[in-house]
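Residue numbers (our numbering): 4 to 161.
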């Protein structure tokens with residue numbers, strides 16, 4: 004299933020919903036734990052898209068539909084507990100003036116791209132093999148605070 008939550012949902016509200024739905028899937032007696040998952044998979048036209056997959060322990064269609072209904076209602080409850088809601092296709096007309104783009108950051112980005120182009124180093128459609136090396140600013144993954152990290156401030160795989 005693909006379920007969309009409202010764009011007003013903060014990253015931490017989404018983390019909460021993902022963690023609670025994952026916990027529910029893992030503890031539901033009619034869901035096969037192996038393979039059960041929920042992931043934030045994209046930015047849809049009207050929603051933040053969550054993909055949910057689980058094997059349901061049922062051999063008869065009426066049983067399957069009842070379990071599926073139970074899971075979907077529980078997911079709705081968890082999304083509500085996160086303080087957000089299910090999205091629906093919509094368009095919003097704003098009558099207020101948007102915050103203008105940061106002209107300094109815009110100029111810095113345009114200048115950087117111009118310099119790449121002038122030096123023949125524009126990294127499109129891809130980087131040259133010699134440009135792909137150790138990252139200048141490595142991304143911490145899993146992120147700080149993750150239960151998968153080996154300890155405070157330590158990466159599991161260095």
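Quick reminder that beta carbons are idealized off the backbone N, C-alpha and C, glycines included.
On a predicted model such as this, the values are computed, not experimentally measured, just so you know.
Can you check which of these residues, the options, is closest to residue i by C-alpha distance?
i	options	result
residue 85	20, 129 and 4	20
residue 46	8, 35 and 56	8
residue 60	79, 134 and 36	36
residue 51	66, 16 and 75	16
residue 62	55, 71 and 54	71
residue 91	32, 49 and 141	49
residue 54	64, 66, 41 and 65	41
residue 149	4, 22 and 6	22
residue 25	81, 88, 66 and 131	81
Does the beta-carbon of residue i have 16 or more other beta-carbons within 10 angstroms, so that it is buried, or is it exposed?
i	result
residue 13	exposed
residue 57	buried
residue 116	exposed
residue 39	buried
residue 76	exposed
residue 160	Low per-residue confidence applies at residue 160: pLDDT is 46, beneath 50, and the placement is therefore not dependable, though the value from the model is reported in the following sentence. Classification of residue 160: exposed, given that the 10 Å Cβ count is below 16.
residue 74	buried
Where does residue i sit, in a helix, a strand or coil, going by DSSP?
i	result
residue 75	helix
residue 54	strand
residue 86	coil
residue 2	Nothing can be reported for residue 2: it is not among the residues displayed for the chain, which extend from 4 to 161.
residue 122	coil
residue 142	coil
residue 152	coil
residue 30	helix
residue 98	coil
residue 105	coil
residue 12	coil
residue 63	coil
residue 23	helix
Mind checking who residue i pairs with in its DSSP beta bridge?
i	result
residue 70	Per DSSP, none; premise fails for residue 70.
residue 35	58
residue 7	52
residue 45	52
residue 40	56
Just checking: is the beta-carbon of residue i within a distance shorter than 8 Å of some beta-carbon in chain B?
i	result
residue 55	Protein chains in the displayed structure number just one, and chain B is not present.
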